[in-house]
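Take the sequence shown: its letters are residues -19 to -1, 1 to 142, numbered as in mature numbering (1 follows the signal peptide of the UniProt record, and there is no 0). For glycine and all other residues, C-beta sits at the position ideal for the given N, C-alpha and C.
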Amino acid sequence: MKFRAILLAVALAACGQSGQTGPEAPSASDTPNAIDLGIDIGRAGAMLNSVESLTAERPGADPDATTEADLARRLRETVWEYNAQSSQLCAKGLFAEVSCGPAYAPVWLSEPANATPSLEDIQLRTIAVHEEVQRLWAAVCDDARSRVTDEQEKMSVCPME
């Protein structure tokens, strides 16, 4: 899968090579085209897949999971992941009542990577994120449980401590 993503990224990147250093503004005669925009969006996704696969095994700093900066970063990443999953579910027409609303965007989501909020602030943020994620998780898990007939199996659907 990752090999295909890399191959796609290379192919798409090769198609977009030019001598220009930045994006060019569309001329007055150019009108947006949904197909071209879809390709451009796909190209950005392919580039991100390449970044992920090419850096997966690179050694790097092992962040301390208990510092305020790392906790805040991980919480922001959780919100980004939640928003991406909600968007993907909405696009598929699944769980629209909880997945098709506006993206969850608390003001602290745009903090810089080195932001160090207090532990009290992180706790309040975590509670708010849990409430938001809980709605989606509960809808998906309730649906999954409703499709399982074996009572023993039902207990293993979405277990949480």
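Notebook entry, point to check: Are Y63 and E113 close, meaning C-beta to C-beta below 8 angstroms?
Noted result: Numbered from its first residue, the sequence shown carries residue 63 at position 82. Numbered from its first residue, the sequence shown carries residue 113 at position 132. Yes, the pair counts as a contact, with Cβ atoms nearer than the cut-off.
Next item on the list: Please name the residue, chosen from G74, N95, S67, that lies closest to A86 on a Cα-to-Cα basis.
Entry: Start at 1 with the first residue of the sequence shown, and residue 86 comes out as number 105. Of the candidates G74, N95, S67, S67 places its Cα closest to the Cα of A86.
Checklist line | Pick from P93, A15, D124 that is closest to A50, judged by C-alpha positions | finding: Translated into positions along the sequence shown, residue 50 becomes position 69. It is P93 whose Cα lies nearest to the Cα of A50.
Checklist line | Short Cβ contact (8 angstroms threshold) for V138 with A125 | finding: By 1-based counting over the sequence shown, the position of residue 138 is 157. By 1-based counting over the sequence shown, the position of residue 125 is 144. Yes, these two residues count as a Cβ contact at 8 angstroms.
Check: Can a CB atom of chain D be found closer than 8 angstroms to the CB of S137?
Finding: No chain D appears in the structure shown, which is made up of a single protein chain.
Next item on the list: Determine the contact status of W89 and R116, defining contact as a CB-CB distance below 8 angstroms.
Entry: Locating residue 89 in the sequence shown gives position 108, where the first residue counts as 1. Locating residue 116 in the sequence shown gives position 135, where the first residue counts as 1. Going by C-beta atoms, W89 is not nearer than 8 angstroms to R116.
Check: Which residue's Cα is closest to the Cα of T97: T12, M141, R55, G26?
Finding: Reading the sequence shown from its first residue, position 116 is the one you call residue 97. It is R55.
Notebook entry, point to check: If you scan the stretch 19 to 76 from start to end, which runs of the alpha helix (DSSP H) of 4 or more residues do you find wholly inside it?
Noted result: DSSP runs (the alpha helix (DSSP H)) wholly in the stretch 19 to 76: 49 to 72.
Margin query: Here's the rule I'm using: 16 or more other beta-carbon atoms within 10 Å means buried, otherwise exposed. How should residue 146 be labelled?
Written below: Lying before the first or after the last residue shown, residue 146 is absent from the chain, which here runs from -19 to 142.
Item checked: Inter-residue Cα distance where the pair is E38 and D11 -> The residue given as residue 38 occupies position 57 in the sequence shown. The residue given as residue 11 occupies position 30 in the sequence shown. Looking at the two C-alpha atoms, the distance is approximately 42 angstroms.
Notebook entry, point to check: With F76 and A120 assumed to form a contact (beta carbons below 8 angstroms), what rounded beta-carbon distance in angstroms separates them?
Noted result: Translated into the one-based positions of the sequence shown, residue 76 becomes position 95. Translated into the one-based positions of the sequence shown, residue 120 becomes position 139. Right, the Cβ-Cβ distance comes to about 5 angstroms (below 8 angstroms), so this counts as a contact.
Notebook entry, point to check: Between L(-8) and the rest of its own chain, which residues show a CB-CB distance below 6 angstroms, the 5 nearest in sequence each way excluded?
Noted result: Here residue -8 corresponds to residue number 12 of the sequence shown, with the count starting at 1. Here the model assigns L(-8) a pLDDT of 43, short of 50, so the residue's position is not dependable, and the following value carries that caveat. Excluding sequence neighbours, L(-8) sits near R24, A27.
Notebook entry, point to check: In whole angstroms, what is the alpha-carbon distance linking K73 and P44?
Noted result: Counted from its first residue, the sequence shown places residue 73 at position 92. Counted from its first residue, the sequence shown places residue 44 at position 63. Distance between the alpha carbons of K73 and P44: 35 angstroms.
Checklist line | Integer Cβ distance of I103 from L52, believed to fall under 8 angstroms | finding: The count along the sequence shown starts at 1 and reaches residue 103 at position 122. The count along the sequence shown starts at 1 and reaches residue 52 at position 71. In this structure, I103 and L52 form a Cβ contact; the two beta carbons are roughly 5 angstroms apart against a cut-off of 8 angstroms.
Notebook entry, point to check: Along the chain, where does the alpha helix (DSSP H) that runs through W89 open and close?
Noted result: Within the sequence shown, numbered from 1, the residue matching residue 89 stands at position 108. For W89, there is no enclosing alpha helix (DSSP H), as DSSP marks it with neither H nor E.
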